[in-house]
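Residue numbers (the working numbering), protein chains in the order written: chain A, 1 to 246; chain B, 1 to 313.
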């Protein structure tokens with residue numbers, strides 16, 4: 001079983017979000033970067049579980065520059081066999097998807113596993129784009145994945161419930177809560193990660209389709225209006241007459 | 001030129017988010033002088049109601065083969081419909097369906113996609129929330145064909161009145177390697193992501209046996225119930241109620257957080273709510289900083305009073 005897990009670099013969930021260059025660039029100063037949590041906890045760990053049960057390999061793939069390598073090494077420490085970094089500045093989701101799809105097609109993976117979205121752009125785009133470019137089935141927001149030969153049974157979230165689908169390999173999946181439990185790399189894994197292969201490959205020419213023009217921060221809340229615990233009726237009054245939400 | 005709106009249906013009825021997408025597409029069509037055309041796939045009725053939001057024409061492809069969900073088939077059909085209507089903009093709701101279909105379509109048409117739009121475009125630039133709601137980005141789509149998925153509850157509804165003409169549509173449906181085996185509805189209660197009001201509670205409730213008053217509060221408000229991650233993890237509440245960074249992201253009009261401290265990961269899933277009410281015994285709980293209204297007090301005393309006060313409204 002040949003498994004490709006796409007990982008993205010993301011700012012730590014508790015990072016302070018600020019911008020530079022006239023609010024056009026994320027300020028990376030002092031920010032700690034991590035493997036995007038959905039890619040790591042759900043996609044990578046489930047990939048490793050499938051490999052442990054069925055044999056095969058797990059390769060992690062990242063599109064980015066050399067400053068992503070420490071984050072890629074972390075995925076290797078968790079247990080991936082090898083890593084590939086496609087050497088490119090990530091322009092937008094479609095650009096990244098074209099890089100991934102091109103690589104995945106040429107290497108013949110049985111499945112491409114991604115997280116449901118990154119915690120920076122929250123786009124939920126790349127995995128679906130990769131599937132289309134590979135002309136493969138795509139199951140989004142998957143909470144369960146089992147593979148039997150060339151067929152996978154996948155549960156995915158839908159409005160107020162769950163849908164069970166069956167797809168033929170190769171397929172692309174975006175993983176959400178329920179897929180697997182987070183693993184913490186142990187010392188042996190961290191040591192082993194140093195000597196695992198991290199292959200850097202050149203990017204293909206591809207165009208982008210979107211450009212970020214600028215960022216802004218949400219206006220500060222005007223402050224919380226405190227209501228006395230003995231005057232609950234006043235809260236109801238405010239919600240009804242001031243906020244007009246009940 | 002026209003704007004094509006994908007209007008999702010479920011069990012023969014248009015979803016709430018179908019109208020969210022129609023409302024966005026209808027307003028965009030009006031401001032740009034284009035026609036708003038909706039596309040509905042599979043068995044569905046009541047389609048002329050889309051006319052209420054400025055849709056002038058509904059394409060209905062009533063093939064039973066489209067009743068079960070397959071994003072590969074849907075994106076192929078949407079692409080054909082966009083071509084036949086000369087659509088330069090395609091609108092989805094940013095929901096389970098939109099997240100599956102819009103990226104496929106973007107790659108198929110090599111068309112730029114902004115997902116989770118929170119406002120109408122300004123020219124070709126679309127605003128969306130990024131960094132889990134901690135910031136906004138303005139993103140320009142540089143391709144001729146543009147795809148936008150709109151975050152539900154982001155835009156006020158503009159009811160135009162009027163009725164849409166429903167015409168049948170068909171094209172080839174590709175065969176794919178996906179089969180839907182089973183659909184399980186986990187609850188018949190109000191869906192969390194579609195609810196206008198959500199009542200959520202956390203560890204401050206001390207035990208699952210104390211959720212009766214939360215459910216009663218939700219009932220008097222016509223609200224859905226939710227919970228924080230620790231509560232779902234220790235099994236006090238089902239996982240599908242967990243809202244936050246790793247659970248569901250919701251943006252109701254009104255969010256009650258009862259006995260939830262407001263960790264940054266929880267806020268990431270609810271900070272799009274229009275009004276937030278926090279009830280907590282700890283005056284220092286970080287959630288108060290993100291709240292509009294707050295009560296420092298014991299949930300076991302405050303919530304029953306709240307229920308009575310709402311009943312007498």
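Ideal placement from N, C-alpha and C gives every residue a C-beta, glycine not left out.
- Query: Counting only beta-carbon atoms, is residue 116 of chain B nearer than 8 Å to chain A?
  - Reply: So, interface residue.
- Message: With distance defined between alpha-carbon atoms, name the residue in B/169, B/123, B/180 and B/159 nearest to residue 23 of chain B.
- Response: B/159
- For residue 267 of chain B, which residues from the same chain have a beta carbon less than 6 Å from its beta carbon, with the 5 sequence-adjacent residues on both sides left out? 290
- Query: Distance, Cα to Cα, residue 14 of chain B vs residue 48 of chain B?
  - Reply: 11 Å
- Query: Going along chain A in order, which residues have a C-beta closer than 8 Å to the C-beta of residue 182 of chain B?
  - Reply: 163 and 164
- Report yes or no: is there a C-beta of chain A within less than 8 Å of the C-beta of residue 23 of chain B? Chain A, which has no Cβ nearer than 8 Å to the Cβ of residue 23 of chain B, makes this no.
- Item | Limits of the unbroken alpha helix (DSSP H) element including residue 314 of chain B | This structure does not reach residue 314 of chain B, given that chain B is present from 1 up to 313, and the question cannot be answered.
- Query: If you run the structure through DSSP and keep just helix, strand and coil, what is residue 109 of chain B?
  - Reply: helix
- Residue span of the beta strand (DSSP E) that contains residue 60 of chain B, given as start and end: Element bounds for residue 60 of chain B: 57-61.
- Query: When the cut-off is 8 Å and only beta carbons count, does residue 129 of chain B lie next to chain A?
  - Reply: Cβ-Cβ to chain A under 8 Å: yes for residue 129 of chain B.
- Along the chain, which unbroken stretches of the alpha helix (DSSP H) at least 4 residues long are found entirely within the region 174-216 of chain A? Those alpha helix (DSSP H) runs which fall completely within the region 174-216 of chain A and span 4+ residues are 187-195.
- Task: Leaving out five residues on either side along the sequence, give the residues of the same chain with a beta carbon under 8 Å from the beta carbon of residue 73 of chain B.
- Result: 65, 66, 173, 174 and 176
- Is it buried or exposed for residue 239 of chain A, if we count other Cβ within 10 angstroms and need 16 for buried? Residue 239 of chain A should be labelled buried.
- Task: Return helix, strand or coil for residue 226 of chain A, following the three-state DSSP convention.
- Result: strand
- Chain-ordered chain A contacts of residue 254 of chain B [CB-CB under 9 Å]: 239, 243, 245 and 246
- Task: Can you give me the start and stop residues for the alpha helix (DSSP H) that residue 233 of chain B sits inside?
- Result: 229-233
- Under a three-way DSSP split, which group does residue 69 of chain A fall into? In the structure shown, residue 69 of chain A sits in a helix (DSSP, three-state: H, G or I).
- Query: Which same chain residues, not among the five before or five after residue 146 of chain A, have their C-beta less than 6 Å away from its C-beta?
  - Reply: So the qualifying residues of the chain are 153.
- Check each residue of the region 198-215 of chain A: if its Cβ is closer than 7 Å to any Cβ of chain B, include it; give the result in chain order. 209, 210, 211, 212, 213, 214 and 215
- Message: Less than 8 Å between the beta carbons of residue 205 of chain B and residue 299 of chain B, yes or no?
- Response: yes
- Message: Between residue 138 of chain A and chain B, is any beta-carbon pair separated by less than 8 Å?
- Response: yes
- Message: Just checking: is the beta-carbon of residue 306 of chain B within a distance shorter than 8 Å of some beta-carbon in chain A?
- Response: yes
- Would you mind sorting residue 270 of chain B into buried or exposed? The rule is 16 or more other CB atoms within 10 Å of its CB. Residue 270 of chain B should be labelled buried.
- Query: Can you tell me the Cα-Cα spacing of residue 99 of chain B and residue 128 of chain A, whole angstroms?
  - Reply: 8 Å
- Query: For the alpha helix (DSSP H) that residue 104 of chain A lies in, which residues bound it at each end?
  - Reply: For residue 104 of chain A, the uninterrupted alpha helix (DSSP H) run begins and ends at 93-107, by DSSP.
- Taking only beta-carbon positions, decide if residue 89 of chain A is within less than 8 Å of chain B. Against chain B, the CB of residue 89 of chain A has no partner CB under 8 Å away; the residue lies outside that interface.
- Beta carbon proximity, residue 294 of chain B to chain A, threshold 8 Å: yes
- Message: Residues in the same chain with beta-carbon distance under 6 Å from residue 73 of chain A, minus the five sequence neighbours each way, listed in chain order, please.
- Response: 193
- Below-8 Å beta-carbon distance, residue 121 of chain A vs any chain B residue: yes
- Message: For residue 277 of chain B, would you say it is in contact with chain A, using Cβ-to-Cβ distances shorter than 8 Å as the test?
- Response: At least one chain A Cβ lies under 8 Å of residue 277 of chain B.
- residue 225 of chain B versus B/234, B/235, B/116 and B/240, residue with shortest Cα-Cα distance: B/240
- Task: Would you check if there are 3 or more beta carbon pairs closer than 8 Å linking the region 11-30 of chain A to the region 47-61 of chain A?
- Result: no
- Figure out for me which residue from B/18, B/20, B/26 and B/191 has the closest Cα to the Cα of residue 162 of chain B. That would be B/26, whose Cα lies nearest to the Cα of residue 162 of chain B.
- Task: Can you give me, in chain order, the residues of the region 139-162 of chain A that have a beta carbon less than 7 Å from any beta carbon in chain B?
- Result: 140, 141, 157, 158, 159, 160, 161 and 162
- Message: Shorter than 7 Å, the distance from the beta carbon of residue 215 of chain A to the closest heavy atom of the ligand ZN, or not?
- Response: With respect to small molecules bound, the structure shown includes none, and the ligand ZN cannot be examined in it.
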